[in-house]
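This report concerns only the one structure given below.
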Amino acid sequence: MDDQSRMLQTLAGVNLAGHSVQGGMALPPPPHGHEGADGDGRKQDIGDILHQIMTITDQSLDEAQAKKHALNCHRMKPALFSVLCEIKEKTGLSIRGAQEEDPPDPQLMRLDNMLLAEGVSGPEKGGGSAAAAAAAAASGGSSDNSIEHSDYRAKLTQIRQIYHTELEKYEQACNEFTTHVMNLLREQSRTRPISPKEIERMVGIIHRKFSSIQMQLKQSTCEAVMILRSRFLDARRKRRNFSKQATEILNEYFYSHLSNPYPSEEAKEELAKKCSITVSQVSNWFGNKRIRYKKNIGKFQEEANLYAAKTAVTAAHAVAAAVQNNQTNSPTTPNSGSSGSFNLPNSGDMFMNMQNLNGDSYQGSQVGANVQSQVDTLRHVINQTGGYSDGLGGNSLYSPHNLNANGGWQDATTPSSVTSPTEGPGSVHSDTSN
DNA sequence: CGAGATGATTGAAC
DNA sequence: GTTCAATCATCTCG
Numbered sequence: 001m002d003d004q005s006r007m008l009q010t011l012a013g014v015n016l017a018g019h020s021v022q023g024g025m026a027l028p029p030p031p032h033g034h035e036g037a038d039g040d041g042r043k044q045d046i047g048d049i050l051h052q053i054m055t056i057t058d059q060s061l062d063e064a065q066a067k068k069h070a071l072n073c074h075r076m077k078p079a080l081f082s083v084l085c086e087i088k089e090k091t092g093l094s095i096r097g098a099q100e101e102d103p104p105d106p107q108l109m110r111l112d113n114m115l116l117a118e119g120v121s122g123p124e125k126g127g128g129s130a131a132a133a134a135a136a137a138a139s140g141g142s143s144d145n146s147i148e149h150s151d152y153r154a155k156l157t158q159i160r161q162i163y164h165t166e167l168e169k170y171e172q173a174c175n176e177f178t179t180h181v182m183n184l185l186r187e188q189s190r191t192r193p194i195s196p197k198e199i200e201r202m203v204g205i206i207h208r209k210f211s212s213i214q215m216q217l218k219q220s221t222c223e224a225v226m227i228l229r230s231r232f233l234d235a236r237r238k239r240r241n242f243s244k245q246a247t248e249i250l251n252e253y254f255y256s257h258l259s260n261p262y263p264s265e266e267a268k269e270e271l272a273k274k275c276s277i278t279v280s281q282v283s284n285w286f287g288n289k290r291i292r293y294k295k296n297i298g299k300f301q302e303e304a305n306l307y308a309a310k311t312a313v314t315a316a317h318a319v320a321a322a323v324q325n326n327q328t329n330s331p332t333t334p335n336s337g338s339s340g341s342f343n344l345p346n347s348g349d350m351f352m353n354m355q356n357l358n359g360d361s362y363q364g365s366q367v368g369a370n371v372q373s374q375v376d377t378l379r380h381v382i383n384q385t386g387g388y389s390d391g392l393g394g395n396s397l398y399s400p401h402n403l404n405a406n407g408g409w410q411d412a413t414t415p416s417s418v419t420s421p422t423e424g425p426g427s428v429h430s431d432t433s434n
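Numbering (UniProt numbering), first residue to last: 1 to 434.
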């Protein structure tokens, strides 16, 4: 109201006497010589009109309507109206023009990005968000985890639904209110000067107000997602020990590849499949195992012996089968009759372990190349295995020869730079069993 | 309930 | 990206 009254005062007191306004009013120029009486009369008219406008809000509705009608029908109305429009346009633009182009709110952008990343806003991807997908990848095939995962997804869907419902409500309310205000302004534009730009500006103000409300909604949605996520991650942290069978498979692989316990990606995948765990869990397990083994070799001695013996027996069976196969078929037939995927590589490492224990100069690389060598080694291993069962309590069959002085694995290639430790063509402990 | 075992996480190094 | 090392958090067992 201040703007309006100020403007009207300006109009009445100053501008009306000036040339620019006079021209803008499109009033017929006062005839020379009659300026005094006519000019006074017009000023009086204008003063009356302005007075009526100023006091219109103090009057009753009926009175106001009557006055409004009278004003609308007044002969000076179109002229005054255009002047007011012109002045308002100029003042309004000079005051607010600079504020029009405000940059996008970084906080709002951040919230939007986060909601999009969490799968709350944006297109629905079958109920799965990026976070849920990541969680799914991490949780793997465990049934408990999948329950937690579906629980997470259900809760996230709930949040998304609430968010969209609220957002829709806000948008609807915003549109309704905007339409209402626009209608009101259009209606008012018949009695007071309202330019389309002003309407536009008003719409902008309304939208800004509503978007600030929307930001609050987005903020609380983000908070809800964060809480849900932290709870879910906490739940994920609740670990379960791997099954006995899984641990056995992993240990078997570890001790049979003790010279280089870095399973390749393929081997990890296979182990993961065998143990019904994820590849990252396999990696975790091997990481933990290597560290803990290295830290306390003595403690793992017995375990190592146990698995070494076990592997030897398996290898013996596998090689025996291969030999039989070799005798009946072709002398170059590879060992295809192994019972497990890791049996052959296992036997390779096993042979190396045995050979080192006995100080033999047996080369592991020959195992893969020559079946006859395998037969020889087999005999050797079988003998050793027998010896092992007899002397379990006394001398240790297995010795941790694979660790070098620096605490690293002797045969290991630089693990940090090589994803899957590659080995020479004749190597006995290829991680990728075919 | 406490100690040890064990899977997961984190940060640094490469 | 992987691995190591330290650490956390939980499980298991006596």
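Glycine included, C-beta positions come from ideal geometry on N, C-alpha and C. Please read all numbers here as calculations on a predicted model, not as lab measurements.
- Shown here for Leu108: same chain residues with a beta carbon closer than 6 Å to its own, the five before and five after excluded, namely Met215 in chain order.
- Runs of the alpha helix (DSSP H) lying entirely within the UniProt domain "Homeobox" (233-296), each at least 4 residues long, are 244-256, 265-275 and 279-295 in chain order.
- CA-to-CA, the gap between Leu50 and Cys222 works out to about 53 Å.
- Between Lys289 and Phe254, the beta carbon gap of about 5 Å places them in contact (Cβ cut-off 8 Å).
- The C-alpha of Pro263 lies about 41 Å from the C-alpha of Arg110.
- If the five residues before and after Gln188 are omitted, its C-beta is found closer than 8 Å to the C-beta atoms of Ile194, all from its own chain and listed in chain order.
- For Arg110, the enclosing alpha helix (DSSP H) starts and ends at Pro106 to Ala117.
- Contact check for Leu217 and Met202: beta-carbon distance about 23 Å, past the 8 Å limit, so the pair fails to qualify.
- Exposed is the label assigned to Asn241, since fewer than 16 other Cβ atoms lie within 10 Å of its Cβ.
- Taking Phe177 as reference, the option from Arg160, Arg208, Thr165 and Lys155 with the minimal CA-CA separation is Arg208.
- Note on geometry: alpha-carbon atoms of Thr179 and Leu167 lie some 18 Å from one another.
- The Cβ atoms of Lys295 and Val279 do not sit closer than 8 Å to each other.
- By the CB criterion at 8 Å, Ile159 and Val120 fall inside the cutoff.
- Scanning its chain for C-beta atoms nearer than 6 Å, with the 5 sequence neighbours on each side dropped, one finds around Phe300 the residues Tyr293, in chain order.
- Looking from the CA of Thr247, the closest CA among Leu61, Ala64, Asp45 and Ala272 belongs to Ala272.
- Of the candidates Glu200, Gly47 and Ala154, Gly47 places its Cα closest to the Cα of Met76.
- Taking all protein chains in view, the Cβ of Gln44 is surrounded by fewer than 16 other Cβ atoms within 10 Å, so the residue is classified as exposed.
- Rounded to the nearest angstrom, the gap between the Cα atoms of Ala316 and Ile291 is 30 Å.
- The beta carbons of Leu228 and Lys155 sit about 5 Å from each other, so the pair counts as a contact at 8 Å.
- Cβ contact annotation for Ser220 (same chain, cutoff 6 Å, sequence separation greater than five): none.
- Under the 10 Å beta carbon count, Thr165 is surrounded by fewer than 16 other beta carbons and is classified as exposed.
- An exposed status is given to Glu265, since fewer than 16 other beta-carbon atoms sit within 10 Å of its beta-carbon.
- Asn251 is not a Cβ neighbour of Tyr163, given a cutoff of 8 Å.
- Taking a C-beta distance under 8 Å as the contact criterion, Val181 and Ile213 do not qualify as a contact pair.
- Counting of Cβ neighbours within 10 angstroms places Cys275 among the buried residues, the total reaching 16 or more.
- In the assembly as shown, Glu118 is a buried residue. Its beta-carbon has 16 or more other beta-carbons within 10 Å.
- Under the 10 Å beta carbon count, Gln65 is surrounded by fewer than 16 other beta carbons and is classified as exposed.
- Excluding the 5 residues flanking it on each side, Leu116 has same chain C-beta neighbours closer than 7 Å at Gly122, in chain order.
- Gln245 counts as exposed, since fewer than 16 other C-beta atoms from the protein chains shown sit within 10 angstroms of its C-beta.
- Straight through space, the alpha carbons of Ala312 and Gly287 are spaced by roughly 25 Å.
- Burial check for Glu171: the Cβ neighbour count within 10 Å stays below 16, so the residue is exposed.
- Spatial neighbours of Phe81 in its own chain (CB-CB distance under 8 Å, excluding positions within 5 residues in sequence) are listed in chain order as Pro193.
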